[in-house]
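Chains A and B supply the protein sequences, listed in that same order.
Heads up, the first sequence is in this note's numbering, so the first residue is 2 and it goes up one at a time.
Heads up, the second sequence is in this note's numbering, so the first residue is 2 and it goes up one at a time.
For glycine and all other residues, C-beta sits at the position ideal for the given N, C-alpha and C.
Step one of this worksheet: look at the structure below.
Number of protein chains: 2
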Amino acid sequence: MPNDRADKILQLVNDAKKIDVTQLADKLHVSKVTIRKDLTKLEDKGLLQRKHGFALINNPNNLSYRLAQNYDTKLRIAQRAAQMVEVDETIMIESGSTCALLAAQLGKLDKHVTIITISYFIANFVERYPNLDVFLLGGKYQSDSQVVVGPMAKAALANFRVGQLFIGTDGFDPNTGFYGNDIMRTDIVQAMAENAKDLNILTDSSKFNAPSIIRSFTADKVHTVVTDSGIPQACSRVLTQNGVQLIQVDA
Amino acid sequence: MPNDRADKILQLVNDAKKIDVTQLADKLHVSKVTIRKDLTKLEDKGLLQRKHGFALINNPNNLSYRLAQNYDTKLRIAQRAAQMVEVDETIMIESGSTCALLAAQLGKLDKHVTIITISYFIANFVERYPNLDVFLLGGKYQSDSQVVVGPMAKAALANFRVGQLFIGTDGFDPNTGFYGNDIMRTDIVQAMAENAKDLNILTDSSKFNAPSIIRSFTADKVHTVVTDSGIPQACSRVLTQNGVQLIQVDA
DNA sequence: GTGATTTATTTACGAACGAAACTGATTGTG
DNA sequence: CACAATCAGTTTCGTTCGTAAATAAATCAC
């Protein structure tokens, strides 16, 4: 299946929440059989749900939905980030969709890694990989994003100090730094960063033009950014000026 | 749909892991259309998965699977137990399937309740009820049963002291008490009990003839048992002799 | 007890399904 | 250059799907 048709299907499904096979076939000018095959593959990747006659969007607040946006780019970023992790290392992972793919990549590489996370989605996402040990922080459960937050989660962090923390971001402004769009999640991520030597950000380049609400980190706090080649020059210059290691995977 | 056919379908699906509609229709002597309707309802309850042409068992370690056994009895037990919880109360819930139904019942009753649990299944199960606040303990994630266990989870308990704890059980022996079949889960449940005033056990009566591996509690530690009318006399006598409040819902 | 309503099931039918065979374009190999 | 292998997509086929209308049994009202 060509990637651009996969993207178009995901776009259409995400816009409509629910769309039937016939409509997809009409809009994309291929047969229904082809659409059905595409949908089966996309369902296997966890990017949508199939039902008899139509395709359903995953819960939009759910990571499965966010995974569906720029899936291939995120996958390449995650593959690159997985190289940064040593065998038997203990890392922290936040709740971003690219972070979930990083965890899955580590699982596939069959390296033993211990993962500390706030995300129940990620814990379940890597269920099938016995080489991954997962520790979840406790706290107030945010059911829409499937993470724990709040003072209890921050207190639980006191038990851990790791070399690397991997997070996503919701936005970036060249003058001021990285942003999140949920105050509770931003708060816990900042606390995680204080207990990690290196702060690594995984994000597709679309976020570099999307300033968001709550500043999470100034650029100089960041060790490495892994993104794709679509990042604006203004942003990449600021990052390198602040001593950030910038890794770009091919588009 | 008659309840006994629903039970038979669940039995057949659970035994076979995967069974097609035609076979179910033959064995139960009804039409395929009727089977399909039954399967749709059972899927809506989360007790199995439908695919084109057949029904699939839920992951057997998963609570969804355990929920499917004696579903109606468990539901009645949960409904009765929900009456024991006050508005604005904070309770602890362990990972049992009947406990999950208790949480859902509390959600449906629209009382505000704060739930502290080790089970991510339960946290997600009650996602849609805004009147429930869920706090999860942190710890080592056991992906098959979707709970956190281990010393970190026990340490997290230090922050909480509640009036009531609700747990399930895997077995009971009249001479020695209640049993679990997983040492890590038994360990954390015992720690939970130390931080709760009343220990309440919710279980269908089938467990009273199934001694299990690890003793969790002697009968005298238990405040209330909610079960169905199928409990053997020998067991109910021992319980009441030990000062346990025994509540039996109709079969 | 009789007629009305509800519940359970079947029959009928057009749409959707998966699997397999087929077609045409692209890629790799000697 | 030829020719096999792979890939993307379509056509075809027998099966399963969901919905709606028909039928039968159980429950209820009075």
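Under a Cβ-count criterion, where at least 16 other Cβ atoms within 10 Å of its own Cβ denotes burial, should residue i be classed as buried or exposed?
| i | result |
| --- | --- |
| Met2 of chain A | exposed |
| Leu164 of chain A | Checking the sequence, you will find Gly at residue 164 of chain A rather than Leu. Exposed, because fewer than 16 other Cβ atoms sit within 10 Å of the Cβ of Gly164 of chain A. |
| Val88 of chain B | exposed |
| Arg162 of chain B | exposed |
| Arg238 of chain A | exposed |
| Arg129 of chain B | exposed |
| Val245 of chain B | buried |
| Lys208 of chain A | buried |
| Gln12 of chain B | exposed |
| Val34 of chain A | exposed |
| Asp39 of chain B | buried |
| Ile36 of chain A | buried |
| Gln84 of chain A | exposed |
| Ser230 of chain A | exposed |
| Ala154 of chain B | buried |
| Asp111 of chain A | exposed |
| Ser32 of chain A | exposed |
| Glu95 of chain B | buried |
| Gln234 of chain A | exposed |
| Thr41 of chain A | exposed |
| Asn71 of chain B | buried |
| Gln106 of chain A | buried |
| Ile117 of chain B | buried |
| Lys18 of chain B | exposed |
| Ile20 of chain B | buried |
| Gly178 of chain A | buried |
| Asp221 of chain A | exposed |
Which of the three DSSP states, helix, strand or coil, is assigned to residue i?
| i | result |
| --- | --- |
| Met93 of chain A | strand |
| Ala159 of chain B | coil |
| Asn196 of chain B | coil |
| Gln147 of chain A | coil |
| Gln165 of chain A | strand |
| Val14 of chain B | helix |
| Gln84 of chain A | coil |
Tell me whether residue i counts as near the ligand ADP, meaning its Cβ is closer than 7 Å to at least one heavy atom of that ligand.
| i | result |
| --- | --- |
| Gln191 of chain B | Absence of the ligand ADP is noted for the structure shown, with no ligands found whatsoever. |
Strictly below 7 Å CB to CB, what residues from chain B border residue i?
| i | result |
| --- | --- |
| Glu128 of chain A | Ser144 |
| Gln149 of chain A | The identity of residue 149 of chain A in the sequence shown is Val, whereas the question assumes Gln. Ordered by position in chain B, the residues that pass the 7 Å Cβ test against Val149 of chain A are Leu137. |
| Met185 of chain A | Residues of chain B passing the Cβ test: none, with the nearest at roughly 13 Å. |
Can you pull the chain A residues whose beta carbon is under 8 Å from the beta carbon of residue i, in chain order?
| i | result |
| --- | --- |
| Leu140 of chain B | For the record, residue 140 of chain B in the displayed sequence is Gly; it is not Leu. Those within 8 Å of Gly140 of chain B in chain A are Phe136, Leu137, Gly139. |
Residue i touches chain B at which residues, Cβ-Cβ below 8 Å?
| i | result |
| --- | --- |
| Ala124 of chain A | Tyr121, Tyr142, Ser144 |
| Met93 of chain A | Residues of chain B passing the Cβ test: none, with the nearest at roughly 13 Å. |
At a CB-CB cut-off below 9 Å, which residues of chain B make contact with residue i?
| i | result |
| --- | --- |
| Met193 of chain A | Going along chain B, no residue has its Cβ under 9 Å from Met193 of chain A, so there is no contact; the nearest lies around 13 Å. |
Quick one: which chain A residues come within Cβ less than 9 Å of residue i?
| i | result |
| --- | --- |
| Met2 of chain B | Result: empty, since nearest Cβ-Cβ is about 20 Å, beyond 9 Å. |
Would you mind listing the beta strand (DSSP E) stretches within the segment 19 to 48 of chain B that are 3+ residues and don't spill past its ends, in chain order?
19 to 21
Mind pulling the beta strand (DSSP E) runs of 3 or more residues that sit fully within the segment 95 to 140 of chain B?
114 to 118, 133 to 137
When you check each C-beta in the segment 157 to 173 of chain B against every C-beta of chain A, which residues fall closer than 7 Å?
So the close ones are Ala157, Asn160.
With a floor of 3 residues, list each beta strand (DSSP E) that falls wholly inside the segment 49 to 73 of chain B, ordered by position along the chain.
50 to 52, 55 to 57
Residues of the segment 62 to 86 of chain A whose Cβ lies closer than 7 Å to any Cβ of chain B, in chain order
none
Which residue spans inside the segment 170 to 244 of chain A form an unbroken alpha helix (DSSP H) run of at least 4?
184 to 195, 234 to 242
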